[in-house]
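Sequential numbering of the sequence shown, starting at 110, is according to the working numbering.
A virtual CB, placed ideally from N, CA and C, is assigned to each residue, including glycine.
All values reported here derive from a predicted model rather than from experimental measurement.
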Amino acid sequence: MPATTTSLSREDIEQQAALWTARLESDQLAAAQHKELADWLAADPAHREVLTRYRELTARLTAQVPVLMDAAEVAAIVAQANRGRRIRRTVAPLLAAAAAVTVGLFVWRAQPEEFETHGAERRAFTLADGSRIELNARTGLQVKLRGSERRVKFGRGEAYFQVAHDPARPFFVETPQGLVRVTGTVFNVRETAGAAVEVTVLEGSVQVTPRADAATPAALAGGQQAALDPERASVRVLSEDETQNIVAWRVGQAAFQDAPLDDALARFAPYHPGAITVDPGAATLRVGGRYSLDDLDGFLAAIEQALPVVVLRGDGGTVRVIAHQHPRK
């Protein structure tokens with residue numbers, strides 16, 4: 110026999126509505142439960158009224174804490190906050206209880222997972238959604254997977270992403286200079302010496318948005334690179350060799366093709382304990398070749414032979430490259 114308001118107190122209806130909300134938002138309702146829900150709604154108009162209010166409440170709370178959790182998590186909190194307790198009033202105490210639990214008892218569940226590497230260390234890991242991320246040396250980032258999106262906060266260094274295709278859950282990479290958005294693709298993100306971020310697409314496509322100019326995102330396809338700063342995204346097309354050179358670090362190599370010397374030296378910096386600097390007079394000299402990232406000495410010897418530069422070494426492994434004052438004979 111269907112339940113009625115005479116057999117269920119208002120508090121019981123509130124608790125049941127909270128549980129149905131959690132089930133609906135989690136998308137885990139079995140076929141039998143759909144019929145059970147229909148019967149429950151048909152039993153009394155008050156059931157539909159309370160359920161509607163709970164679902165609206167869940168939507169409002171989700172909008173207030175988008176970084177912490179998705180609608181299913183908020184709905185579960187609402188249900189738990191009301192399970193086993195009597196509600197003297199409805200809306201105000203419910204809002205307070207759900208909000209308190211959201212920012213208090215359950216905040217630990219929403220903390221992003223942190224990954225980092227140290228000097229001369231590379232690391233790879235696979236996320237729960239099947240995406241793979243490889244970190245170059247001295248790289249740090251945070252990962253948070255939610256029901257509606259996947260988000261990485263890129264702190265420093267360089268990372269290679271193979272994103273599992275999921276149009277319903279876009280994948281975002283936040284950088285200090287702007288935002289990268291994808292659904293499924295392969296790309297590389299690198300912090301450069303000039304405080305910009307290079308985004309290089311190997312497969313698929315991404316959208317990059319400068320932090321200060323959200324109205325003009327730039328679309329990148331495979332074989333394209335954007336130099337992203339807070340004001341703009343400068344896009345250029347790469348050759349196949351250039352694209353592969355950029356990700357040569359994944360196999361422990363530094364590969365260049367007519368690259369500025371300061372950029373080439375920056376590739377070795379995460380693998381060397383001391384500071385590496387290059388004077389302005391030598392920074393724009395061009396270099397090429399392929400070298401092991403753990404063989405800075407070999408690279409320095411090569412450029413001293415090929416370029417008008419002198420390498421100065423100091424305490425603690427410091428290296429300074431300066432322009433040679435007189436041409437070699």
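*How should Asp238 be labelled, buried or exposed, when 16 other C-beta atoms within 10 angstroms of its C-beta is the threshold for buried?*
As a first step, residue 238 must be located in the sequence shown, where it is residue number 129. So Asp238 counts as exposed.
*Considering only residues of the same chain and omitting the five flanking positions on each side of Arg195, which have a CB-CB separation below 7 Å?*
Translated into the one-based positions of the sequence shown, residue 195 becomes position 86. For Arg195, the predicted structure reports a pLDDT of 43, less than 50, and the residue's modelled location is therefore unreliable. A value from the coordinates is still provided. The answer, listed in chain order, is Glu120.
*DSSP puts Ser118 in a beta bridge; with which residues?*
In the sequence shown, counting from the first residue as 1, residue 118 sits at position 9. BP columns for Ser118 are empty, so no partner.
*Check each candidate in Leu347, Arg341, Asp275, Val420 and name the one with the smallest Cα separation from Leu374.*
If you number the sequence shown from 1, residue 374 lands on position 265. Closest by alpha carbon: Val420.
*Asp372 to Thr292 span [Cα, whole Å]*: Working through the sequence shown from its first residue, we reach residue 372 at position 263. Working through the sequence shown from its first residue, we reach residue 292 at position 183. Cα to Cα, Asp372 sits roughly 30 Å from Thr292.
*What's the C-alpha gap between Arg231 and Asp404?*
The count along the sequence shown starts at 1 and reaches residue 231 at position 122. The count along the sequence shown starts at 1 and reaches residue 404 at position 295. So the two alpha carbons sit approximately 16 Å from each other.
_Taking 6 Å as the limit between beta carbons, can you name the residues of its chain near Ala229, skipping five residues before and five after?_
The residue given as residue 229 occupies position 120 in the sequence shown. For Ala229, where only same-chain residues beyond five positions count, the Cβ hits under 6 Å are Ala246, Tyr380.
*Go through the region 357-398 residue by residue and report every complete run of the alpha helix (DSSP H) that reaches 4 residues or more, in order.*
370-377, 389-392
*Rounded to a whole number of angstroms, what is the C-alpha to C-alpha distance between Arg197 and Leu146?*
The residue labelled residue 197 in the question sits at position 88 within the sequence shown. The residue labelled residue 146 in the question sits at position 37 within the sequence shown. In this predicted model, Arg197 has a pLDDT of only 41, less than 50, meaning its place in the structure is not dependable; the value taken from the coordinates is given anyway. The alpha-carbon atoms of Arg197 and Leu146 are separated by roughly 25 Å.
*Within this structure, are the beta carbons of Gln442 and Arg320 separated by less than 7 Å?*
The shown model of the chain, from 110 to 438, leaves out residue 442, and the question about it has no answer.
*Shortest alpha-carbon distance to Ala273 belongs to which of Thr309, Leu236, Val252, Ala302?*
Within the sequence shown, the letter at position 164 stands for residue 273. When each option's Cα is compared against that of Ala273, the closest is Leu236.
*Looking at the structure shown, is Asn297 part of a helix, part of a strand, or coil, going by DSSP?*
Locating residue 297 in the sequence shown gives position 188, where the first residue counts as 1. The answer is strand: DSSP assigns Asn297 an E or B state.
*Does the region 358-372 come within contact of the region 390-397, defined as at least 3 CB pairs closer than 8 Å?*
yes
*Please confirm whether Glu267 and Arg241 have their CB atoms less than 7 Å apart.*
Residue mapping note: residue 267 aligns to position 158 of the sequence shown, counting from 1. Residue mapping note: residue 241 aligns to position 132 of the sequence shown, counting from 1. Not a contact, by the Cβ cut-off of 7 Å.
*Proximity below 7 Å, CB of Gly332 to CB of Leu347*: The residue you call residue 332 lines up with position 223 of the sequence shown. The residue you call residue 347 lines up with position 238 of the sequence shown. Yes; because the gap between Cβ atoms is below 7 Å, this pair is in contact.
*Nearest-angstrom Cα separation, counted from Pro339 out to Thr427*: As a position in the sequence shown, residue 427 is number 318, starting the count at 1. As a position in the sequence shown, residue 339 is number 230, starting the count at 1. Thr427 and Pro339: Cα-Cα distance of roughly 31 Å.
*DSSP on Pro154, reduced to helix/strand/coil?*
Residue mapping note: residue 154 aligns to position 45 of the sequence shown, counting from 1. If DSSP states are grouped into helix, strand and coil, Pro154 belongs with the helices.
*Exposed unless 16 or more other CB atoms sit within 10 angstroms - verdict on Thr226*: On the sequence shown, position 117 is the one that residue 226 refers to. Under this definition Thr226 is a buried residue.
*With 16 as the cutoff for other CB atoms within 10 Å, does Phe365 come out buried or exposed?*
Stepping through the sequence shown from its first residue, residue 365 is reached at position 256. With 16 or more Cβ atoms within 10 Å of its Cβ, Phe365 is classed as buried.
*Give the DSSP bridge partners of Pro319, in chain order.*
Counting from one through the sequence shown, the residue named residue 319 turns up at place 210. Answer is Gly287.
*Would you tell me roughly how many angstroms separate the C-alpha atoms of Pro221 and Val282, rounded to the nearest one?*
Taking the sequence shown and counting its residues from 1, one reaches residue 221 at position 112. Taking the sequence shown and counting its residues from 1, one reaches residue 282 at position 173. About 13 Å.
*Contact check, Leu329 vs Val310, beta carbons under 7 Å*: Residue 329 sits at position 220 when you count from the first residue of the sequence shown. Residue 310 sits at position 201 when you count from the first residue of the sequence shown. Going by C-beta atoms, Leu329 is nearer than 7 Å to Val310.
*asked:* Classify Ala335: buried if its beta carbon has 16 or more other beta carbons within 10 angstroms, exposed otherwise.
replied: Looking up residue 335 in the sequence shown gives position 226. Under this definition Ala335 is a buried residue.
_Beta-ladder partner(s) of Tyr400, from DSSP_ = Here residue 400 corresponds to residue number 291 of the sequence shown, with the count starting at 1. Paired residue(s): Ala363.
*Applying the criterion that 16 or more other CB atoms from any shown protein chain within 10 Å of the CB defines a buried residue, is Arg399 buried or exposed?*
For the purposes of this step, residue 399 is taken as the residue at position 290 of the sequence shown. Counting Cβ neighbours within 10 Å, Arg399 comes out exposed, since fewer than 16 surround it.
*Return the first residue and the last residue of the alpha helix (DSSP H) that Gly264 is part of.*
By 1-based counting over the sequence shown, the position of residue 264 is 155. Note, Gly264: premise wrong, no alpha helix (DSSP H); beta strand (DSSP E) at 259-265.
*Going by the CB atoms, is the gap between Gln271 and Val295 shorter than 7 Å?*
Position 186 of the sequence shown, counted from the start, is the residue given in the question as residue 295. Position 162 of the sequence shown, counted from the start, is the residue given in the question as residue 271. Closer than 7 Å, so yes.
*Apart from the five residues just before and just after Glu258, which ones in its own chain have a Cβ nearer than 6 Å to its Cβ?*
By 1-based counting over the sequence shown, the position of residue 258 is 149. Result list for Glu258: Arg278, Pro279, in chain order.
*Pairwise C-alpha distance: Val387 and Ile412*: Translated into the one-based positions of the sequence shown, residue 412 becomes position 303. Translated into the one-based positions of the sequence shown, residue 387 becomes position 278. One C-alpha to the other measures close to 12 Å.
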